[in-house]
Amino acid sequence: MATPLEKWVDEQAKLTKPARIHWCDGSEEEARKLIEIGLHEEKIGDTPIFQDLNQTNWPKSYYHRSHPTDVARAEHLTFICHPDKETVGPNNNWMHPDEAREKMRKLYDGCMKGRTMYVLPYMMGHPDSPYAKASVQLTDVSYVAVSMRIMTRMSKDVITKIGNRPDFVKGLHSVGDFDPNKRFIMHFPLEQEVWSVGSGYGGNALLGKKCFALRIASWLGYQEGWLAEHMVILGIQDPKGRVTYITAAMPSACGKTNLAMLESALPGYKIWTLGDDIAWLNVGPDGRLYAINPESGFFGVAPGTSMKTNPNMMRTLQNNKFFPTLFTNTGLDTDKNEPWWEGLDGAVPQHVLDWQGKPWTPGGEAKAAHPNSRFTVSIYNAPTLDKEFDNPRGVPISAMLFGGRRMQLIPLVSEAFNWQHGVFLGARTGSETTAAAQHKVGMLRRDPFSMLPFCGYNMGDYFGHWLNMGKRLKNPPKIYSVNWFRVDDNGKFIWPGFGENIRVLKWIVERVHGEVGAKETPLGLVPELKDLELSGLNIPADKMNKLFEIKPEAWKPELEDIRKYMEQFGDRMPQAMWDDYNALVKKLGA
Ligand code: GTP
Ligand code: SPV
Ligand code: MN
12 MATPLEKWVD EQAKLTKPAR IHWCDGSEEE ARKLIEIGLH EEKIGDTPIF
62 QDLNQTNWPK SYYHRSHPTD VARAEHLTFI CHPDKETVGP NNNWMHPDEA
112 REKMRKLYDG CMKGRTMYVL PYMMGHPDSP YAKASVQLTD VSYVAVSMRI
162 MTRMSKDVIT KIGNRPDFVK GLHSVGDFDP NKRFIMHFPL EQEVWSVGSG
212 YGGNALLGKK CFALRIASWL GYQEGWLAEH MVILGIQDPK GRVTYITAAM
262 PSACGKTNLA MLESALPGYK IWTLGDDIAW LNVGPDGRLY AINPESGFFG
312 VAPGTSMKTN PNMMRTLQNN KFFPTLFTNT GLDTDKNEPW WEGLDGAVPQ
362 HVLDWQGKPW TPGGEAKAAH PNSRFTVSIY NAPTLDKEFD NPRGVPISAM
412 LFGGRRMQLI PLVSEAFNWQ HGVFLGARTG SETTAAAQHK VGMLRRDPFS
462 MLPFCGYNMG DYFGHWLNMG KRLKNPPKIY SVNWFRVDDN GKFIWPGFGE
512 NIRVLKWIVE RVHGEVGAKE TPLGLVPELK DLELSGLNIP ADKMNKLFEI
562 KPEAWKPELE DIRKYMEQFG DRMPQAMWDD YNALVKKLGA
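So the sequence shown is numbered by this note's numbering: it starts at 12 and just counts up by one.
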């Protein structure tokens, strides 16, 4: 008798009609074979999937270019397909499941002809974790198969674990013919299923990541009493040797990976990494909030990464431990056969091909690396990997940060008055858009909890779920708003950011342990400047004050924007959020 898994694979193969089916076992030997196939056999059009890189300077690294129309998440082509539109909410694109299935079946019909279907069994979370979930993705491209091996715990043991159960998370993926008009990423929360076609890049194609670990998982968390969040997880070791665990939510390309492995500018402090993108949060037996990272790799923004900004990531990329490391849509230094991107250390190389493979001229407008070009590398390569990373229970969280990219208004750091106010801080978050998704860059949009593109159900209900989670916590984490991106009158970042962000984390750690005071403002509790460790920074006092400036007049359009945003959710917006909104309006005298 065929298992539910075998039956499902068989049905998808009947629809997509691959030339062969390869069940992956997740081994290194297999990954090496897949790379060979991508180097020499498998092609998209005329282009091989992978190119070799200089193995001396970039050990076990390979280069990939995605289709030029396919370089970022396609939010406008991403749908949640639940029979009830209200459940999906105004924060998502909605399509009826029947319509979506019909549309997709047509696009899938025979789409894998002549190609290999790879069956990828993987765990999100440590296999022994009570919070982990088993999943299987089907794909027709070796790049996705290899990427999923880096990003998740892929193993044939998962097949045994699934056994005769029908309730594993199912992902069907095909690159189709890359036609952007035939590109869709469909989510079926009731069936725990994702169908994606037409894209081979990032969150559109690595279905364990945003599709499952956030959109489907946030829905499961709502049903089952836990949270799936767009958050980094890190430990802050202080001079006492104490490690304090925190999470931080920031929108795409707004600093999570950098924060997750920050190299401290203050002596005696050290950051330990547990995750750079996604956290699953559960109430532990002791009433504290515990975080696990469902992933096991980084899919990080390349441009700007250097020994100056993120030395620990540079060390991770050049570490030989876990095979392989991938670079996608960066530039290529053809003299050395090395990946290159804007902001990398050293002189600009003489001969560079851009992310589309065309000769690139330095100094012009055009970038060599696509702004959303990325590396894919195992978390086990990170020299900062926390010893608790593989602890199935996760780590207890003492503070949660909500960040965004805001040139004005939002202070460097402020602490919520209480859990409910913290949920409001998360809900009112806005951020200027980045190249991580296909849209105009630099526009302010509301991005509650940095989850706008990732919350798989109505965000009004999501805020309510957060409020309820707080009620179940005996010792809830403190909640903070942070903003590294405030600019001066010349449009320059005031705060140096990166390794210097430890100064903000230090204050947060001291707050968590009741070791330092704070000053009340309409927005929340902020540090007294004397309590922020600023030695060696040379930021003039007027600029430091600007980082915390609150001008009620300037807040008027912001408050209007927040109100309009909240109103969209009608009855589903919890009254508690309106109470906090009204309190803020009153305090600002606006
Ligand atoms: P996703 O992987 O898309 O979810 O992004 P992320 O949140 O992990 O962003 P990442 O850390 O990769 O940072 C993206 C961009 O923000 C890069 O260009 C960084 O150089 C920049 N950045 C990160 N941290 C800071 C900071 O503290 N200050 C400033 N000014 N820029 C930063
Ligand atoms: C993001 O956009 O938030 C990412 C990259 O982390 S992707 O995997 O493409 O979603
Ligand atoms: Mn992300």
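Every residue gets a Cβ at the ideal spot worked out from N, C-alpha and C, and that includes glycine.
Bear in mind that the values here come from a model prediction, so they are computed numbers and not experimental data.
Could you have a look at residue i and say whether DSSP puts it in helix, strand or coil?
i, result
"Arg-416", "coil"
"Phe-195", "strand"
"Asp-151", "coil"
"Val-359", "coil"
"Phe-90", "strand"
"Phe-386", "strand"
"Tyr-129", "strand"
"Thr-532", "strand"
"Glu-544", "coil"
"Asp-344", "strand"
"Ala-446", "coil"
"Trp-34", "strand"
"Phe-428", "coil"
"Glu-349", "strand"
"Lys-144", "strand"
"Arg-84", "strand"
"Met-462", "coil"
"Glu-47", "helix"
"Ile-303", "strand"
"Met-12", "coil"
"Asn-556", "helix"
"Gly-136", "coil"
"Asn-104", "strand"
"Gly-308", "strand"
State the beta-bridge partners of residue i as determined by DSSP.
i, result
"Met-162", "Met-162 is not bridged to any residue."
"Ile-55", "Thr-58"
"Asp-63", "Tyr-73"
"Arg-457", "Gly-441"
"Thr-410", "Note that residue 410 is Ala in the sequence shown, not Thr. Answer is Ile-257, Lys-489, bridged to Ala-410."
"Gly-246", "Tyr-256, Trp-283"
"Met-470", "Paired residue(s): none; Met-470 is not in a bridge."
"Val-498", "Phe-504"
"Trp-19", "Answer is none; Trp-19 lacks a bridge partner."
"Asn-293", "Tyr-301"
"Ala-239", "Trp-291"
"Trp-371", "Val-363"
"Val-157", "Looking at the DSSP assignment, Val-157 forms no beta bridge with any residue, so it has no partner."
"Leu-396", "Thr-284"
"Val-537", "Lys-530"
So, at 8 Å on beta carbons, what are the nonlocal neighbours of residue i in its own chain, with the 5 sequence-adjacent residues on each side left out?
i, result
"Asp-151", "Thr-27, Pro-29, Cys-122, Met-123, Arg-126, Thr-127, Met-128, Tyr-129, His-184, Ser-185, Val-186"
"Phe-465", "Lys-221, Leu-225, Arg-226, Ser-229, His-241"
"His-476", "Gly-232, Tyr-233, Leu-238"
Less than 7 Å between C-beta atoms, sequence neighbours within five positions excluded: which residues of the same chain meet that for residue i?
i, result
"Ala-447", "Ala-83, Arg-84, Ser-263, Ala-264, Asn-383"
"Gly-510", "Leu-273, Glu-274, Ser-275, Ala-276"
"Glu-39", "Phe-334"
"Lys-506", "It should be pointed out that residue 506 corresponds to Trp in this sequence rather than to Lys. Leu-423, Trp-495, Arg-497, Leu-558, listed in sequence order."
"Leu-455", "Gly-441, Glu-443"
"Asn-486", "Gly-298, Arg-299"
"Lys-378", "Glu-353"
"Trp-283", "Leu-245, Gly-246, Gln-248, Val-254, Thr-395, Asp-397"
"Asp-591", "Gln-431, His-432, Phe-435"
"Gly-308", "Ile-161, Met-162, Thr-387, Val-388, Ser-389, Ile-390"
Residues in the same chain with beta-carbon distance under 6 Å from residue i, minus the five sequence neighbours each way, listed in chain order, please.
i, result
"Pro-15", "Pro-177"
"Pro-322", "Glu-274"
"Asn-293", "Tyr-142, Trp-237, Tyr-301"
"Arg-483", "Val-294"
"Tyr-473", "Cys-466"
"Asn-65", "Lys-347, Asn-348, Glu-349"
"Thr-327", "Val-388, Asn-392, Ala-393"
"His-93", "Val-99, Pro-200"
"Trp-291", "Tyr-142, Ala-239, Ile-303, Pro-305"
Legend entry - Sequence ranges, alpha helix (DSSP H) only - wholly within the stretch 310-341, length at least 4: Fully enclosed alpha helix (DSSP H) runs of 4 or longer: 322-328.
Inset, instruction - Note down, one range per segment and in chain order, each alpha helix (DSSP H) of at least 4 residues found wholly within the stretch 253-287. - result: Runs of the alpha helix (DSSP H) inside the stretch 253-287: 267-271.
Inset, instruction - Under 5 Å from any heavy atom of ligand 1, by CB: list those residues in chain order, please. - result: Any residue whose Cβ sits closer than 5 Å to a heavy atom of ligand 1 makes the list: Met-261, Ser-263, Ala-264, Cys-265, Gly-266, Lys-267, Thr-268, Asn-269, Val-312, Gly-315, Ala-447, Trp-495, Phe-504, Gly-508, Phe-509.
Inset, instruction - Could you name each continuous alpha helix (DSSP H) segment of 4 residues or more that falls completely within the stretch 173-233, going from the start of the chain to the end? - result: The qualifying runs are 213-216.
Legend entry - alpha helix (DSSP H) runs wholly inside the stretch 566-599, at least 4 long, in chain order: Taking only runs of at least 4 residues, the alpha helix (DSSP H) segments lying wholly in the stretch 566-599 are 586-599.
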